[in-house]
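In my numbering, the protein residues as written are 9 to 127. Think of the CB as a built atom: it goes at the ideal place given N, C-alpha and C, for glycine as much as any other residue. Since we're looking at a predicted model, the values are computed, not measured. First the structure, in the form of structure tokens, and then the observations on it.
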């Protein structure tokens, strides 16, 4: 019985960790979108605009890690997805890749699933 309880506790911790990770990812995405779409006209003055940009960028890039490699990977991922056809980039984002290798895998998988019809 104790072993079952320990297994349940581990499962619960694992699920809690996964839930927390998804929440951080969603918050990060919200900050990324806000960072990319924020305009000077929305904020008004240059000082407040730069402050808001810094806040959104930090929320995006530092949401889940202060590790420099993770920040570089996040920026490279964003640029990589920006260069893809819109439908592919959207599909990859929906699959929430955790690494660049996962993103590449999803791109290749998506490309192979597209059937080219002969003319």
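On the DSSP letters alone, give me the boundaries of the alpha helix (DSSP H) that residue i sits inside.
{"i": "residue 60", "result": "54-69"}
{"i": "residue 75", "result": "Element bounds for residue 75: n/a, residue is neither H nor E."}
{"i": "residue 48", "result": "48-51"}
{"i": "residue 112", "result": "108-121"}
Contact check, residue i vs residue j under 8 Å by CB: the rounded distance?
{"i": "residue 108", "j": "residue 84", "result": "6 Å"}
{"i": "residue 60", "j": "residue 51", "result": "5 Å"}
{"i": "residue 119", "j": "residue 82", "result": "Their Cβ separation, rounded to whole angstroms, is 23 Å, which puts residue 119 and residue 82 out of contact at 8 Å."}
{"i": "residue 101", "j": "residue 89", "result": "7 Å"}
Quick one: is residue i buried, meaning 16 or more other Cβ sit within 10 Å of its Cβ, or exposed?
{"i": "residue 111", "result": "buried"}
{"i": "residue 125", "result": "Residue placement at residue 125 is flagged as unreliable, the pLDDT there being 49, under the threshold of 50; the coordinate-derived value follows with that caveat. Result: exposed."}
{"i": "residue 39", "result": "buried"}
{"i": "residue 58", "result": "exposed"}
{"i": "residue 80", "result": "exposed"}
{"i": "residue 115", "result": "buried"}
Are three or more beta carbon pairs between the region 29-42 and the region 50-69 nearer than 8 Å? yes
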